[in-house]
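Take a look at the structure below.
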Amino acid sequence: MSDRNSENIKVAVIENALLSSYTAREGLMKELVALNFDVHILTNAVENIEKVERMGVKVVNIGSANYNPLDISGYIFRLTKNLIRIKPDICLTFSIRPTIWGNLIARFLKIPVITNITGTGPLFQSKSNAYKIIRKVYPIALRKTKIVFFQNTDDRNEFIKRGYVINAQTRMIPGSGVDHQKFKPIYLEKNPNSPFTFLYIGRLLKDKGVPEFVEASRLTKEKFPNVKFRIVGPVWKQNMKSNTISETQLNEWIREGLIDYAGETTDVRDEIAACDCLVLPSHREGMSNVLLEAASMEKPTIASDVPGCREIIEDGITGLLCEVQNPLNLAVKMQDMIGFSCTEREEMGQRARKKVIREFDKRIVIDNYIREIENQLNLELPPVTVIQEELAPVENL
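In terms of my numbering, the sequence shown is numbered consecutively and its last residue is 494.
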């Protein structure tokens with residue numbers, strides 16, 4: 098290890114959307130800036146630019162890479178042009194399309210890469226031509242990548258089995274981790290006559306389980322007509338059309354009285370604090386940030402028994418697991434949650450917070466990144482700094 102320091106070293110973060118960088122990668126960005134790295138985020142930057150730039154990060158809008166050839170070629174051109182201009186010393190990639198094109202372009206430009214497999218979505222299940230192509234390109238993109246972070250063992254094992262990576266390339270991290278000081282319990286005085294509220298936070302996509310959430314609302318309201326079902330998150334158009342929820346469909350659900358829709362927010366804490374239970378009927382996750390955040394705020398959760406969710410929830414202890422793509426079973430679990438006493442739900446939430454602090458502390462993730470950057474660039478870096486200042490010591494749990 099040399100005594101080279103991090104001043105004037107450029108890091109390019111390649112991400113699907115700026116909101117993801119701000120919410121899931123905020124701690125990592127702050128740590129890199131505190132270590133004097135010159136950090137650039139190359140992403141689809143439409144909103145929240147000033148919030149990210151206030152962290153000392155440079156935002157570069159390269160648009161999105163949708164699934165038609167014209168969009169992809171434009172994205173590749175813009176990404177290549179900006180990487181040539183910035184001349185980063187290392188790239189950090191997140192999400193499927195930024196990972197594929199980011200790795201291929203960085204290899205051509207001889208830039209080292211650290212990749213994070215944040216989830217696979219419908220990658221292995223979809224029969225669409227687009228995903229068939231992605232499945233063929235993925236192993237080519239990852240072939241020379243030295244470090245590939247995985248957020249759950251199912252994804253890592255699947256990538257190894259399919260020959261996308263070899264075991265020596267892989268490292269495990271606990272998702273994006275959770276800032277347990279930022280996401281701490283907010284105790285609100287609740288009117289005993291106010292309705293029970295289930296909350297979904299996330300992009301409006303079919304593979305996130307939004308249709309199942311709405312259908313479970315329909316089924317649950319037959320027995321508990323006053324229960325509220327609230328959705329917070331963007332109508333997402335950067336995905337395959339077959340996976341998106343249209344504004345027309347969303348408005349129809351609202352007209353039927355099945356859901357309340359609150360739009361998009363960069364700070365979900367007030368929404369989590371006001372709900373009784375957070376629900377994520379996702380078909381598959383890397384490691385769900387919103388489940389970690391809700392658990393850290395002592396909220397019981399219901400989620401699908403799938404990778405990226407089951408690691409966070411201890412069924413019947415910190416929350417409930419439901420069958421994937423089964424709105425009837427989800428409705429049963431929701432009704433079970435309604436049937437628990439306030440004390441039982443509070444105890445679930447308390448156990449959930451203890452678990453995520455113990456197993457999913459954000460410092461673990463950030464330290465993994467800093468050490469791998471240190472190794473790849475032959476640096477001598479100090480221990481994690483910003484997060485140590487912002488987070489209290491983890492209590493003995």
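Positions of the beta carbon are idealized from the N, C-alpha and C atoms, including for glycine.
Any contact of the stretch 326-333 with the stretch 290-298, i.e. 3+ C-beta pairs under 8 Å?
Yes, since at least three Cβ pairs between the stretch 326-333 and the stretch 290-298 fall closer than 8 Å, the two stretches touch.
Residue range of the beta strand (DSSP E) that THR250 falls in?
Premise fails: THR250 lies in the alpha helix (DSSP H), 250-258, not in any beta strand (DSSP E).
Quick check on DSSP: helix, strand or coil for ASP458?
In the structure shown, ASP458 sits in a strand (DSSP, three-state: E or B).
Can you give the Cα-Cα distance for PRO185 and MET152, rounded to whole angstroms?
Rounded to the nearest angstrom, the two C-alpha atoms are 19 Å apart.
Which stretch, first to last residue, makes up the beta strand (DSSP E) that contains LEU189?
Run containing LEU189: 187-191, per the beta strand (DSSP E) assignment.
Taking the alpha carbon of GLU411 as the point to measure from, which residue in VAL421, ALA392, PRO424 and ASP464 has its own alpha carbon closest?
Looking at the Cα atoms, ALA392 is the closest of the given residues.
Which ranges would you report for the alpha helix (DSSP H) in the stretch 387-461 if only whole runs of at least 4 residues count?
With a minimum length of 4 residues, the continuous alpha helix (DSSP H) runs that stay inside the stretch 387-461 are 424-436 and 439-456.
Is DSSP giving TYR358 helix, strand or coil here?
It is a strand residue.
Round the Cβ separation of ASN264 and ILE257 to the nearest angstrom and send it over; I've been treating them as touching at under 8 Å.
The pair is a contact, with the Cβ atoms about 6 Å apart (cut-off 8 Å).
Would you decide whether ALA114 is buried or exposed? Buried here means 16 or more other CB atoms lie within 10 Å of its CB.
Per the 10 Å Cβ criterion, buried.
Count the other CB atoms within 10 Å of the CB of GLU144; is the residue buried (16 or more) or exposed (fewer)?
Under this definition GLU144 is an exposed residue.
Which class does ILE369 belong to by DSSP, given the choice of helix, strand or coil?
Note: ILE369 maps to helix in three-state DSSP.
Of all the options TYR466, PRO480, LYS207 and CYS439, which has the alpha carbon lying nearest to the alpha carbon of ARG122?
The option with the nearest alpha carbon to ARG122 is TYR466.
According to the neighbour-count rule (16 or more other Cβ atoms, all chains shown, within 10 Å of its Cβ), is ILE351 buried or exposed?
Label assigned to ILE351: exposed.
Just reading off the beta strand (DSSP E) that ARG327 is part of, what are its end residues?
From DSSP, the beta strand (DSSP E) with ARG327 extends over 325-329.
Between the Cα of GLU471 and the Cα atoms of PHE205, VAL210 and VAL156, which residue gives the shortest distance?
Taking only the C-alpha atoms, the option nearest GLU471 is VAL210.
Does the separation of the CB atoms of VAL429 and SER401 fall below 8 Å?
No, these two residues do not count as a Cβ contact at 8 Å.
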